[in-house]
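Novice: Shown below is the structure under consideration.
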Amino acid sequence: MTAELERRVEALRRPLELAAADGFKGVRKVKGLGHALRAAVDALIPVGDLEGLAAWRVTLAGWEQLDEMTQAMEVARGMRLIARVPRRGAPEKRTGPAVLAPLPDAAKALDHKPAPTLRRSEAPPAGDARAVAPNARFERTDPPHAADAGKPAPTIEHPDAPNLKAAPRATPKAEEWTGDPLAAPTSTLPGIGPSLAAKFAERGLATVEDLLWTLPRRYDDVRGAASLADACAMEEGQRATFVATVVSSRMIYARGRKWAEVRLESVDLTERASAVVRWFNVYGGIEKRMPPGARVALSGLVRVRGGRTEFANPDILGIELADAGPAKPLAAILPRYSDVAGVGAARMRQACAAACARVGDQVDDGVPAHVEAAVGLPSLADTLSALHSPSPEISVDDLAAMNEGESQWQRRLAFGELFALGVAVALRRKQRRTDRAMPCAPMPGNPATPKPSLAAELAKALPFAPTGAQQRSIAELGEDLARDTPMNRLLQGDVGSGKTAVAFAAALQVARAGRQTAVMAPTELLAEQHFETWKQWSAGAKLRIELLTASTPKGVRASLLAMLGAGKIDVLIGTHSLLAEAVGFSALGLVIIDEQHRFGVAQRAKLRDKGDGQGAPHLLVMTATPIPRTLALTAYGDLDVSVLDELPPGRTPVATVALTGARGVTSAYKQIAERVAAGERVYVVCPKIEPGDDDEAADEDGPKRKPWADATSTAIAVAKAVPKAKVGLVHGRLDGAVRDRLMREFKAGQLDVLVATTVIEVGLDVTAATTMVIHDADRFGLAQLHQLRGRVGRGTAASRCVLLTQGTLGDDAKARIAVMVATTDGFRIAEEDLVLRGHGELLGPRQAGAPRLRFGDLAAHTRLLLVARSQAEAILDEDPSLIRPEHAALRRALERRLAHDVYGAEGG
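Shown next as structure tokens:
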């Protein structure tokens with residue numbers, strides 16, 4: 006090892022050890038830690054790129070957005086990366102894992118203050134508060150701290166990074182942007198003074214780059230102006246582009262308002278026509294620019310008032326004074342931007358065009374030129390120029406594509422986002438493959454008494470033959486578990502597709518390798534159901550399975566934890582109780598998370614951290630909410646995916662019907678009575694608990710409607726309509742123990758009808774439940790409706806789902822109901838949900854991994870996504886750490902996006 010490499014490794018090791026001190030409490034104590042780590046890594050990479058270091062650097066770009074637990078995990082990861090490099094004076098070989106010695110004195114020397122954060126020095130483009138421009142500049146600032154008054158800020162000394170001092174929270178002055186055209190204030194552009202710049206700033210457009218990324222929302226074709234006579238002959242509401250002569254012009258002040266009024270007549274005296282044009286809320290000057298005799302070219306909407314043609318606030322395409330010679334033909338495409346208060350349309354176009362002319366060729370979203378050429382897309386500079394200043398020769402088809410958002414230039418912007426997303430996902434996969442796990446291949450038995458194969462053991466344990474999809478998934482998991490890199494796999498399948506059996510097979514393989522499995526479920530009821538099922542199956546496989554929940558008695562818990570630590574339990578099933586500090590495994594080999602979207606990244610990570618230090622546990626996350634393919638490639642792109650796309654034999658699809666109004670309710674309740682009389686069980690679901698609960702706003706595209714059905718009143722109504730039925734009521738305000746008891750009674754047949762809110766979305770497997778009635782079904786999303794419907798049809802009896810609605814539905818609500826009636830295929834429903842709601846809302850704000858895209862659309866750009874992903878993987882195959890000079894822009898763009906958590910951090 007060279008002296009320079011050793012020196013730079015030590016420069017990185019010092020802030021890591023400070024952060025790891027006293028049980029990683031230094032993570033919150035060390036001021037400027039993220040900046041120090043980034044600077045040290047940047048200095049280390051050129052002289053010795055350790056395996057995984059570049060991928061870790063990408064994660065460090067978003068350090069300030071990580072929670073404290075995740076930051077601690079990243080510090081530990083950094084320690085592992087440099088653990089292979091011996092310290093000065095230390096022996097080259099280590100006899101055991103690295104030990105992080107606490108440094109209490111050093112840690113106490115640093116004030117405990119909030120960690121520095123990253124903030125944009127400029128606001129996002131208009132119309133999208135969340136958007137981050139590909140070339141966005143960021144600066145580091147520190148929150149004010151009372152103890153800092155009059156004191157110098159603490160620093161971290163290291164050879165290759167400057168001292169980190171608290172920066173004052175102050176608005177940067179214009180001169181601070183000198184030399185950086187992208188971050189220059191808008192007032193540096195021609196024609197934009199302080200007043201106009203202030204109006205832009207109020208809309209979040211503070212810099213030249215902000216204007217550059219404020220793109221037109223549509224384009225008007227005003228080529229080839231008509232005569233005024235032709236314009237006056239057009240129907241009201243149509244857009245007319247015409248040339249006329251000014252007869253008179255004046256500024257009018259009346260009733261506290263002012264406007265410019267110009268009277269026009271036809272240029273061609275053989276076609277007599279006249280019109281009045283008014284510009285409202287102007288500050289003077291228009292009437293002076295249009296003296297009598299001048300020829301003007303205008304474009305605006307035709308209005309007819311009192312039999313006279315008028316135009317209000319038309320666009321001014323050109324003005325020629327009377328002595329300027331013959332009128333010139335028009336050739337123009339007018340970009341139209343979102344309104345900015347106090348800024349006219351023409352001024353907005355001029356400002357954005359000026360910004361593009363100044364800095365349009367200085368931005369770089371990281372897409373290499375050879376990739377642009379390979380996929381047949383224009384450069385970013387040409388794209389921005391074409392969008393802000395379309396060529397007068399553009400074809401009608403290309404202009405139509407621009408207005409539909411489907412032109413090659415808009416596809417280029419979308420590709421830039423999807424390409425960076427593909428690189429980020431591929432880097433996360435690469436990062437995880439540098440970790441190590443204990444292989445979980447079955448241990449060989451005594452040759453004289455060979456053990457049965459896993460397949461034979463599984464066949465003996467399960468009371469049914471696995472489907473083809475289950476067998477395929479079991480094989481995929483088996484191959485992953487046998488490797489020395491941790492499995493990170495998503496098992497997705499429709500409701501009732503048999504995910505539990507696949508998870509059981511994986512746990513069986515891990516147990517036969519001498520290691521343990523943790524299974525975490527979101528509710529105590531679901532954990533108990535898993536325990537009962539696995540316990541039955543384990544009788545044939547001789548697995549030692551136990552259950553740990555909040556209800557586990559203290560004495561039983563102590564005994565159970567002792568057995569777990571001694572390795573006498575193969576599978577521990579539980580809820581959040583598994584995360585408790587007292588829960589310790591002797592040899593954790595596999596973590597299984599059921600209904601993974603109900604757990605955060607930190608919770609999954611905390612459970613995986615309960616390994617024995619011999620390697621990271623394998624991870625299997627399961628979901629009964631099918632994920633569209635595009636989301637599987639992006640938000641979950643760093644996970645391998647197994648799909649259960651067939652149901653066990655004997656299952657029949659649930660017949661779904663939609664009924665409306667009071668007659669629909671009467672019909673549904675009649676079906677409830679018939680099913681109860683037949684000895685079957687029925688769910689009735691309502692969107693709210695009690696009559697007094699507030700309804701949400703009506704559908705954005707629908708009219709006002711009656712109050713939603715509530716579970717409390719509905720339970721009374723059902724009991725009256727079906728007097729022989731035993732009716733139960735469950736909802737989120739009930740005590741958990743009471744709610745679980747009622748659901749168990751429903752499963753046992755002590756209740757015939759269970760009226761509920763969506764708390765039953767993840768619930769018990771009740772094979773006797775054959776009917777689901779959902780009140781106000783239009784108030785639920787597609788995925789939620791599908792999950793609710795999955796509570797029935799779990800046996801062999803014919804099942805049905807009744808969707809009740811009231812009043813006139815909006816277009817989106819109609820579409821959701823139509824999809825539910827048309828199909829029971831969860832994967833098709835997921836794709837339709839993606840189209841209706843978009844990927845961000847589909848994953849939800851709490852779901853880690855949701856990519857925030859401004860130009861890309863995972864539903865509309867599926868093929869573009871696949872191309873971007875392929876190109877991203879090809880680049881990383883050649884340059885895994887992105888250290889080549891031609892990829893420097895890509896690396897910077899990726900770090901900027903990750904710094905604002907644009908792509909999330911799925912996994913754990």
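Sequential numbering of the sequence shown, starting at 6, is according to my numbering. Positions of the beta carbon are idealized from the N, C-alpha and C atoms, including for glycine.
1) Considering only DSSP beta bridges, list what residue 304 is partnered with.
2) Is it buried or exposed for residue 401, if we count other Cβ within 10 angstroms and need 16 for buried?
3) Do the CB positions of residue 793 and residue 690 come within less than 8 Å of each other?
4) Who are the near neighbours of residue 365 in its chain, counting only those whose CB is closer than 7 Å to its CB and skipping five residues on each side?
5) Provide the residue span of the beta strand (DSSP E) that contains residue 530, from first to last.
6) Could you tell me the alpha carbon to alpha carbon distance between residue 697 and residue 737, rounded to whole angstroms?
7) Is it buried or exposed for residue 475, if we count other Cβ within 10 angstroms and need 16 for buried?
8) Which residue's Cα is closest to the Cα of residue 240: 305, 229, 899 and 196?
9) Could you give the residue range of the alpha helix (DSSP H) that holds residue 878?
10) Using 8 Å as the cut-off, can you tell me whether the region 748 to 756 makes contact with the region 781 to 788, which would need three or more C-beta pairs spanning the two stretches below that distance?
11) Are at least three pairs of beta-carbons, each pair with one atom in the region 227 to 243 and one in the region 260 to 268, less than 8 Å apart?
12) Say yes only if the C-beta of residue 427 is nearer than 7 Å to one or more non-hydrogen atoms of the ligand PLP, and no if none qualify.
13) So what does DSSP say about residue 262, is it helix, strand or coil?
14) Cα-Cα, which of 554, 534 and 653 is closest to residue 585?
15) Counting C-beta neighbours from all protein chains within 10 Å, is the total for residue 829 16 or more, i.e. buried, or is it exposed?
16) Residues in its own chain within less than 6 Å of residue 9 by CB, not counting five upstream and five downstream?
17) What is the C-beta distance between residue 503 and residue 653, in whole angstroms, given that I count them as a contact (C-beta under 8 Å)?
18) Any Cβ of chain D within less than 8 Å of the Cβ of residue 838?
19) Would you give the residue range spanned by the beta strand (DSSP E) that residue 239 belongs to?
20) Are there 16 or more other CB atoms within 10 angstroms of the CB of residue 854, so buried, or fewer, so exposed?
21) I'd like the list of long-range same chain contacts for residue 770, defined as Cβ closer than 7 Å, with 5 residues on each side in sequence excluded.
22) In its own chain, which residues sit with a C-beta less than 6 Å from the C-beta of residue 83, not counting the 5 before and 5 after it?
23) Residue 2 and residue 515: beta carbons closer than 8 Å?
24) By Cβ distance below 7 Å, which residues in the same chain neighbour residue 587 in space, the five residues on each side in sequence not counted?
25) Reducing DSSP to helix, strand and coil, say where residue 285 ends up.
26) Please state if the CB of residue 308 and the CB of residue 4 are separated by a distance shorter than 8 Å.
27) Name the two residues that bound the continuous beta strand (DSSP E) containing residue 579.
28) Which partner residues of residue 916 appear in the DSSP bridge assignment?
29) Is residue 393 buried or exposed, if buried means 16 or more other CB atoms sit within 10 Å of its CB?
30) Spell out the partners DSSP gives residue 974 in its beta bridges.
31) Closer than 6 Å by C-beta to residue 893: which residues in its own chain qualify, once you throw out the five before and the five after it? Chain order, please.
32) Taking Cβ to Cβ, would you say residue 71 is nearer than 8 Å to residue 79?
33) Would you report the Cα separation of residue 727 and residue 718, rounded to the nearest angstrom?
34) Quick one: Cα of residue 807 to Cα of residue 831, how far?
35) With three or more C-beta pairs closer than 8 Å as the rule, is the region 436 to 446 touching the region 865 to 882?
36) Can you tell me whether residue 190 is helix, strand or coil according to DSSP?
Specialist: For this structure:
1) The beta-bridge partner set that DSSP reports for residue 304 consists of 246 and 320.
2) With fewer than 16 Cβ atoms within 10 Å of its Cβ, residue 401 is classed as exposed.
3) Yes, Cβ-Cβ distance for residue 793 and residue 690 is below 8 Å.
4) Result list for residue 365: 217, 386, 389 and 390, in chain order.
5) Residue 530: not part of any beta strand (DSSP E); member of the alpha helix (DSSP H) spanning 529 to 546, first to last residue.
6) Each residue's alpha carbon lies about 15 Å from the other.
7) Residue 475 is buried by the Cβ-count criterion.
8) Nearest C-alpha to residue 240: 305.
9) For residue 878, the enclosing alpha helix (DSSP H) begins and ends at 867 to 883.
10) No contact exists between the region 748 to 756 and the region 781 to 788.
11) Touching, no, given that fewer than three Cβ pairs across the two stretches are closer than 8 Å.
12) In the structure on display, the ligand PLP does not appear, and there are no ligands present to speak of.
13) DSSP, reduced to helix, strand and coil, places residue 262 within a strand of the structure shown.
14) Residue 585 has its Cα closest to that of 554, out of 554, 534 and 653.
15) Counting Cβ neighbours within 10 Å, residue 829 comes out buried, since at least 16 surround it.
16) Result list for residue 9: 52, in chain order.
17) Right, the Cβ-Cβ distance comes to about 6 Å (below 8 Å), so this counts as a contact.
18) Among the chains of the structure shown, chain D does not appear; only one protein chain is present.
19) Unbroken run through residue 239: none, as it is neither H nor E.
20) Here residue 854 scores only 44 on pLDDT, less than 50, and its place in the model should not be relied on; the value that follows carries that caveat. When all chains shown are included, residue 854 counts as buried.
21) Leaving aside the five residues that flank residue 770 on each side, the residues in its chain whose CB is nearer than 7 Å to its CB run, in chain order, 534 and 799.
22) Closer than 6 Å at Cβ, skipping near neighbours: 21.
23) Since the displayed the chain opens at 6 and closes at 913, residue 2 lies outside it and no answer follows.
24) 566.
25) Reduced to three states, the DSSP call for residue 285 is strand.
26) Residue 4 is absent from the structure shown; the chain starts at 6 and stops at 913.
27) For residue 579, the enclosing beta strand (DSSP E) starts and ends at 576 to 579.
28) Any property of residue 916 remains undetermined from this structure, which presents the chain solely from 6 to 913.
29) Residue 393 is buried by the Cβ-count criterion.
30) Past the boundaries of the shown model lies residue 974; the chain is included only from 6 to 913, so the question cannot be answered.
31) For residue 893, there are no CB contacts under 6 Å within the same chain when 5 residues up- and downstream are skipped.
32) A contact, by the Cβ cut-off of 8 Å.
33) Rounded to the nearest angstrom, the two C-alpha atoms are 14 Å apart.
34) Just so you know, the alpha carbons of residue 807 and residue 831 end up roughly 18 Å apart.
35) No, the region 865 to 882 does not touch the region 436 to 446.
36) Correct three-state label for residue 190: strand.
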